[in-house]
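Undergrad: Take this structure, written in structure tokens, and hold onto it; I'll ask about it next.
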Amino acid sequence: MKRLGLRLFVVALCSSWASVSWAGLGDTLPRGTFLLDSSYIFAHTNKQFDRNGKSVPLLAPVERYEAGAGLQGVIRANPSVDQKIVALQLLYGITDDLTLAIGGPLSLSTEIETNLSWQPGDYQASLGRPYSETDFWQWAASMGQPKPAQRGVSNVNTWGDLVVAFRLRLPRSQWMKDHHVNLALTLQGALPTGREKDPEELIEIGMTAWWLHNYGDLELHLAADWRPIWSGDVARLTLSAEIYYAYLRPRTYDTPRGTKHPLLLTFAPYVGQTFEIDGGDWQVARMQVEWAPFIGPTLGTWMTRGSVEAANAFPPMLSLMLQYTYVNLLPSIWKSNYPIWSIEQGEFWGAGFKHIFAAQATLSLLRVGAPLMFYVRGRALDIIPGRNMRPANAITVGVRLLAKFW
Numbered sequence: 045m046k047r048l049g050l051r052l053f054v055v056a057l058c059s060s061w062a063s064v065s066w067a068g069l070g071d072t073l074p075r076g077t078f079l080l081d082s083s084y085i086f087a088h089t090n091k092q093f094d095r096n097g098k099s100v101p102l103l104a105p106v107e108r109y110e111a112g113a114g115l116q117g118v119i120r121a122n123p124s125v126d127q128k129i130v131a132l133q134l135l136y137g138i139t140d141d142l143t144l145a146i147g148g149p150l151s152l153s154t155e156i157e158t159n160l161s162w163q164p165g166d167y168q169a170s171l172g173r174p175y176s177e178t179d180f181w182q183w184a185a186s187m188g189q190p191k192p193a194q195r196g197v198s199n200v201n202t203w204g205d206l207v208v209a210f211r212l213r214l215p216r217s218q219w220m221k222d223h224h225v226n227l228a229l230t231l232q233g234a235l236p237t238g239r240e241k242d243p244e245e246l247i248e249i250g251m252t253a254w255w256l257h258n259y260g261d262l263e264l265h266l267a268a269d270w271r272p273i274w275s276g277d278v279a280r281l282t283l284s285a286e287i288y289y290a291y292l293r294p295r296t297y298d299t300p301r302g303t304k305h306p307l308l309l310t311f312a313p314y315v316g317q318t319f320e321i322d323g324g325d326w327q328v329a330r331m332q333v334e335w336a337p338f339i340g341p342t343l344g345t346w347m348t349r350g351s352v353e354a355a356n357a358f359p360p361m362l363s364l365m366l367q368y369t370y371v372n373l374l375p376s377i378w379k380s381n382y383p384i385w386s387i388e389q390g391e392f393w394g395a396g397f398k399h400i401f402a403a404q405a406t407l408s409l410l411r412v413g414a415p416l417m418f419y420v421r422g423r424a425l426d427i428i429p430g431r432n433m434r435p436a437n438a439i440t441v442g443v444r445l446l447a448k449f450w
């Protein structure tokens with residue numbers, strides 16, 4: 045029974061809230077420009093890829109034995125996790141080459157369906173038959189353990205860890221200017237503002253960087269953009285590449301004492317009052333292609349004080365983006381007073397990798413006098429199986445508002 049509890053305890057959702065970002069992987073905002081980005085994200089996961097890249101349920105089967113009675117049966121669970129998030133980002137161009145960004149995910153809700161089932165075990169002489177699912181949970185209730193609910197809802201209107209980032213566009217040589225090449229460094233850090241999971245709750249996850257497992261506590265990025273094809277002042281094709289390292293800091297958690305689930309979450313007597321998770325860092329490489337199939341009409345409006353020439357520098361009306369990201373996952377280490385428990389906790393958090401594919405379409409109204417950009421983005425992590433990871437596919441719909449006050 046303990047294995048079911050500890051599996052639910054470590055299920056994390058790789059949400060789709062991206063690192064603080066804007067147009068290109070190496071772009072910065074013009075000096076004095078604000079950009080407010082607001083998006084709605086729906087992310088779903090119902091499986092994980094194990095150490096061999098095989099798709100398996102988020103929770104492993106649990107064999108239940110009773111002293112002197114053999115195998116009671118096998119508890120199986122096939123959880124499904126849905127997360128609804130509003131991501132808010134505010135960016136400001138300090139100079140033409142330096143941009144500050146602040147952002148964070150606001151969870152509307154996290155919904156987990158446990159989908160428990162029961163496989164009968166050995167013949168029980170006392171019953172004249174194997175344990176049924178009803179028999180087992182009646183026995184568990186007599187021990188003070190209720191059957192876990194089919195559905196749990198948490199993180200209602202709850203903030204995750206906020207992110208602060210600085211992006212610096214590096215000085216360009218004459219060759220880089222002639223060939224439209226940019227290089228940029230981004231330093232990004234997460235503030236510990238997210239809600240942690242209640243250690244006594246079974247069907248729940250937290251809203252910190254560790255639980256979301258989508259951005260690190262500290263990241264250093266190096267990005268390059270190359271724009272080889274132009275139509276006037278508009279880049280038709282942008283090829284981008286990025287590498288970065290994400291550090292996850294060690295975290296100390298209170299060990300469940302079983303106040304709500306005495307059979308499933310009573311670990312403190314042998315694990316200790318607290319335990320530590322040293323999250324495995326990430327090594328990441330990303331490639332991106334952006335194409336502008338439709339530049340659209342260009343008008344001299346209030347945004348450019350009537351100048352059509354100035355409006356020609358705005359982004360195209362329609363742009364399409366394809367992106368591939370490879371993430372190398374270093375192993376996460378659990379540390380407690382009970383080494384066997386620590387090893388079991390880290391079983392599905394060993395060294396691994398994930399392949400992330402994303403596509404985005406952006407509609408910009410800047411060229412016709414409205415400081416708005418709308419976009420829709422899809423993300424998939426199960427097109428190519430990963431290893432020791434939980435793929436959360438997601439769809440994002442967002443809007444960007446630009447403003448300049450001086």
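Per our numbering, residue 45 is the first one in the sequence shown, and the count goes up by one each step. Where a beta carbon is used, it is the ideal one built from N, C-alpha and C, also for glycine.
1. Consider the Cβ of Y136: report whether some Cβ of chain C lies at a distance smaller than 7 Å.
2. Between the region 196-211 and the region 143-153, do three or more beta carbon pairs fall short of 8 Å?
3. Candidates L79, V106, N122, F311: which alpha carbon is nearest L132's?
4. Indicate whether G276 and T345 have their beta-carbon atoms separated by less than 7 Å.
5. For K241, is the classification buried or exposed, using 16 other Cβ atoms within 10 angstroms of its Cβ as the cut-off for buried?
6. What residue range is occupied by the uninterrupted alpha helix (DSSP H) comprising T178?
7. Tell me where the beta strand (DSSP E) around A357 begins and ends.
8. Between which residues of its own chain and R354 is the CB-CB distance below 6 Å, once the five residues before and five after are set aside?
9. Considering only the alpha carbon of each residue, which of L246, F397, S161 lies closest to A121?
10. Do the region 366-377 and the region 389-405 meet, that is, are 3 or more Cβ pairs less than 8 Å apart?
11. Following a CB-centred definition, is G422 positioned closer than 6 Å to any heavy atom of the ligand HEM?
12. Could you give the C-beta distance for L144 and F210, rounded to a whole number, given that I count them as a contact under 8 Å?
13. Are I287 and T154 touching if we call contact CB-CB under 7 Å?
14. Buried or exposed: H305, going by 16 or more other Cβ atoms within 10 Å of its Cβ?
15. Our contact map puts G76 next to A228 with C-beta atoms below 8 Å; I'd like the distance itself, whole angstroms only.
16. Pick from T230, A436, M251, N381: whose alpha carbon is nearest that of P313?
17. What residues are listed by DSSP as bridge partners for A402?
18. M331 lies in the beta strand (DSSP E); which residues open and close that run?
19. Would you kindly report the start and end of the unbroken beta strand (DSSP E) that includes A253?
20. For the region 214-232 against the region 165-183, do three or more pairs of beta-carbon atoms, one drawn from each stretch, fall closer than 8 Å, so that the two count as touching?
21. DSSP three-state call for K448: helix, strand or coil?
22. Given this structure, state the Cα-to-Cα distance separating R411 from Q194, to the nearest angstrom.
23. The beta strand (DSSP E) spanning Q163 covers which residue range?
24. Using the C-alpha atoms, what's the distance from R293 back to A329?
25. Could you give the distance in angstroms between the alpha-carbon of D126 and the alpha-carbon of L425?
26. Given that a residue counts as buried once 16 or more other Cβ atoms are within 10 Å of its Cβ, and exposed if not, what is M187?
TA: On the basis of the data shown:
1. Although the question refers to chain C, the structure presented lacks it and comprises just one protein chain.
2. yes
3. L79
4. no
5. buried
6. 177-186
7. Careful: A357 lies outside any beta strand (DSSP E) and carries neither H nor E.
8. Rather than Arg, the amino acid found at residue 354 in this sequence is Ala. Hits under 6 Å: T348.
9. S161
10. yes
11. In terms of ligand content, the structure shown is empty, and the ligand HEM therefore cannot be addressed.
12. 6 Å
13. no
14. buried
15. At roughly 19 Å, the Cβ-Cβ gap does not stay under 8 Å, so G76 and A228 are not in contact.
16. N381
17. Q367, R423
18. 326-338
19. Run containing A253: none in the beta strand (DSSP E); it sits in the alpha helix (DSSP H), 253-256.
20. no
21. strand
22. 51 Å
23. 160-164
24. 21 Å
25. 15 Å
26. exposed
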